[in-house]
Structure formats: C-alpha cells, structure tokens
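A.B. asks: If you scroll down you'll find the structure; I have some questions about it.
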Amino acid sequence: MTYQRLRVPRLAQLVLVIGGTYGGFWLIFDLWLGQPIPRSLMGMYMFFVVVGVLMVFTATEKSTGQLVGPIRALVEDPARRWLRNVVFTVVPALAALGVYLQMQPSDEPPLELRSIHPAPPSSVKIFGKRYDLMSLENPYRHLEKDDPEQFRELVAAGGEVYIRNCQYCHGDKLDGKGPYAQGLNPVPLNFQDIGTIAQLQESFLFWRIATGGPGLPKEATPWISSMPVWEDFLSEEQIWQVILYLYDYTGHRPRSWGHE
40 MTYQRLRVPR LAQLVLVIGG TYGGFWLIFD LWLGQPIPRS LMGMYMFFVV VGVLMVFTAT
100 EKSTGQLVGP IRALVEDPAR RWLRNVVFTV VPALAALGVY LQMQPSDEPP LELRSIHPAP
160 PSSVKIFGKR YDLMSLENPY RHLEKDDPEQ FRELVAAGGE VYIRNCQYCH GDKLDGKGPY
220 AQGLNPVPLN FQDIGTIAQL QESFLFWRIA TGGPGLPKEA TPWISSMPVW EDFLSEEQIW
280 QVILYLYDYT GHRPRSWGHE
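Letter by letter, the sequence shown follows residues 40 to 299 of the working numbering.
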C-alpha cells in the first residue's frame, strides 16, 4: 500500500504559520503566565511576524508564484465567481467588525509608555526643606551596625506606621495585595518583588512616599498613582522608619550610591 503525501497549499501554510504564532502568544502569556500582552504591543509583534513570514515565503520566484497563484485564480477565474463574491463580502465585513471592536472602551493600558520607576528630580522640597536626592541617605541606616538594639526599635516603629497607613493598599505581607488594591489602577507595588525596592535607593522611596502620586513627573503619566502625599500625614522620621521596615521585612538591601 502506498501513501500519498498531503500537500498543503502555500497560502494555507502562510495562514497557519501566522495564526499559529498569534495563538502561541495567547496561550503562553494569557493562559500559562497570566500576563496578557497589551493590544498595542501584540500589534507590533504580529507586524514583524507577518513581514518576516512573507519574506521567507517569497524568497524565490517559484515560492512567490505558489503563494499568489490561488489569489490570482480567485480574482481571474470565471468559474470561481461565487467564491469570489463570498470572499469579497466576508473580508470587508470582518474588517469592519474589527474596527468596531477596537473603538469600544477598553481597560488596557494606553499606547503611551509609562515608567514604573520614574527618575527622581535632583532635588526636592519636602517638609519645608530642600533635599538633594543625589546624596540623601537614611539618617537611621547607620544604626544597623552601630546600635542594633535601637535599629530594631526603629524598624518596629516603622512597622506600626505601615500597618496603620500603608497595608490597606500594599498588603500586610507587602505583596501589593491589600484589601483596597484591586480598586486601584495601577495596582500598588509588590515590595516583595526583586524588581521594586531592591533596585532603588532609600532616597527614592523617601521622595515617592513623601510626595505621593501628585509628586510624580510627567513621564509617569498617563496612569497617576493613587498614593497620598504622606508628608501631610506623617513626619519625616516616620517615613524613614517605614523605609527601614520595608527593607527589613522583605529581606532586600537598598541600593547605595557607591554600588551599581
């Protein structure tokens, strides 16, 4: 018994490769990782996929002919008039539907890029004083070595301030899953994540906590942080104590100006 090899038309191969790539993105990021790709980013990915696949499928004159042959036959062959009418009706209808769906309200991030950790100003006025953020250090950090007992007391004090004021959004485990978190956009930062406070100097946290969402620079828009201006509610000492607590609880070490 002989078997005849199934030959998939070149145009069908093109559609399968592009569709399979799109489906792969969806399966991996949406279903497996649970991190959907924003529509704008998916559009950019698929643009390069389509261009790359077309370059491969039209690399030779023969392959180009195999690809465009069915399309040419659909347009020129009188025997395929009924199929041509169906295609020329369905394709514009699908395109119109796609445009309509894109015009609907969406919760996806806007097209503008937003900096998660925007660059702080070189200096800032907080508590009526001017601070140089390029050289500012936590005044209590040295006690970690010089007076461990007092340092632990300050960490505990910072924990009390955090529980009273911050855990509602950032969570009692500092994982960004407080009871109010899901009502905010963007959601509060997960301090347990190695990509948050572990990458920052303590002066950055002091600036962000003290000035809150209204203190963010323009590059942090269009999503405005919901964090209050904590200098209106906490003292300078309390903010530094909270910072000690954040690093102590998560086990991260703050970056210093002397290390990259």
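Just so you know, even glycine gets a beta-carbon here, dropped at the ideal spot from N, CA and C.
#1: Should the segment 263 to 281 be called in touch with the segment 184 to 191, which here means at least 3 C-beta pairs below 8 Å?
#2: What separation, rounded to the nearest whole angstrom, lies between the Cα atoms of isoleucine 248 and serine 265?
#3: Only counting runs of 4 or more residues, tell me where the alpha helix (DSSP H) segments fall wholly within the segment 198 to 235, in order along the chain.
#4: Quick check: leucine 193 and tryptophan 246, are their CB atoms within less than 9 Å of each other?
#5: Let me know the secondary structure DSSP gives serine 162 once reduced to three states.
#6: Considering only the alpha carbon of each residue, which of Gly254, Glu241 and Ala51 lies closest to leucine 175?
#7: From the DSSP output, in three-state form, read off tyrosine 23 for me.
#8: If you run the structure through DSSP and keep just helix, strand and coil, what is arginine 180?
#9: Among the residues of its own chain, which have a CB less than 7 Å from the CB of leucine 223, if the five just before and after it don't count?
#10: What would DSSP say about glutamate 151, mapped onto helix, strand or coil?
#11: Consult DSSP for aspartate 171 and reduce its assignment to one of helix, strand or coil.
#12: Can you find the residues in the same chain that come closer than 6 Å, C-beta to C-beta, to threonine 36, ignoring five residues on each side of it along the sequence?
#13: Just checking glycine 251 against the ligand SAM - is the residue's beta carbon closer than 8 Å to any of the ligand's heavy atoms?
#14: Over what stretch of residues does the alpha helix (DSSP H) that includes phenylalanine 96 continue unbroken?
#15: Should isoleucine 236 be labelled buried (16 or more other beta-carbon atoms within 10 Å of its own) or exposed?
#16: Taking buried to mean at least 16 other C-beta atoms within 10 Å of its own C-beta, is valine 200 buried or exposed?
#17: Do valine 56 and valine 92 have their C-beta atoms within less than 9 Å of each other?
#18: Going by the DSSP bridge assignment, what does arginine 294 pair with across the sheet?
#19: Report back the beta-carbon spacing between glutamine 231 and leucine 213 to the nearest angstrom; my notes put them in contact at under 8 Å.
#20: For threonine 103, which three-state DSSP category applies?
#21: In angstroms with no decimal places, state the Cα-to-Cα distance between proline 148 and alanine 134.
C.D. replies: So, from the data block:
#1: Contact between the segment 263 to 281 and the segment 184 to 191 is absent: fewer than 3 CB-CB pairs across the two stretches fall below 8 Å.
#2: 11 Å
#3: 206 to 209
#4: no
#5: For serine 162, the three-state secondary structure derived from DSSP is strand.
#6: Glu241
#7: Here the chain comprises residues numbered 40 to 299, so residue 23 is not present and cannot be evaluated.
#8: coil
#9: Cys208 and Ser265
#10: Because the pLDDT at glutamate 151 is just 48, under 50, the model does not fix this residue reliably, and the value given afterwards should be weighed accordingly. Reduced to three states, the DSSP call for glutamate 151 is coil.
#11: strand
#12: The question about residue 36 has no answer, for the chain in this structure spans 40 to 299.
#13: The ligand SAM is not among the ligands present in this structure, which contains no ligands whatsoever.
#14: Looking at the DSSP string, the run of the alpha helix (DSSP H) that includes phenylalanine 96 is 78 to 96.
#15: buried
#16: buried
#17: Result yes, Cβ atoms of valine 56 and valine 92 sit closer than 9 Å.
#18: Gln240
#19: Indeed, because the Cβ distance is near 6 Å, the residues count as touching under 8 Å.
#20: Shown here, threonine 103 sits in a helix according to DSSP, grouped into three states.
#21: Unreliable positioning characterises proline 148 in this predicted model, as indicated by a pLDDT of 49, which lies under 50. A coordinate reading is not provided.
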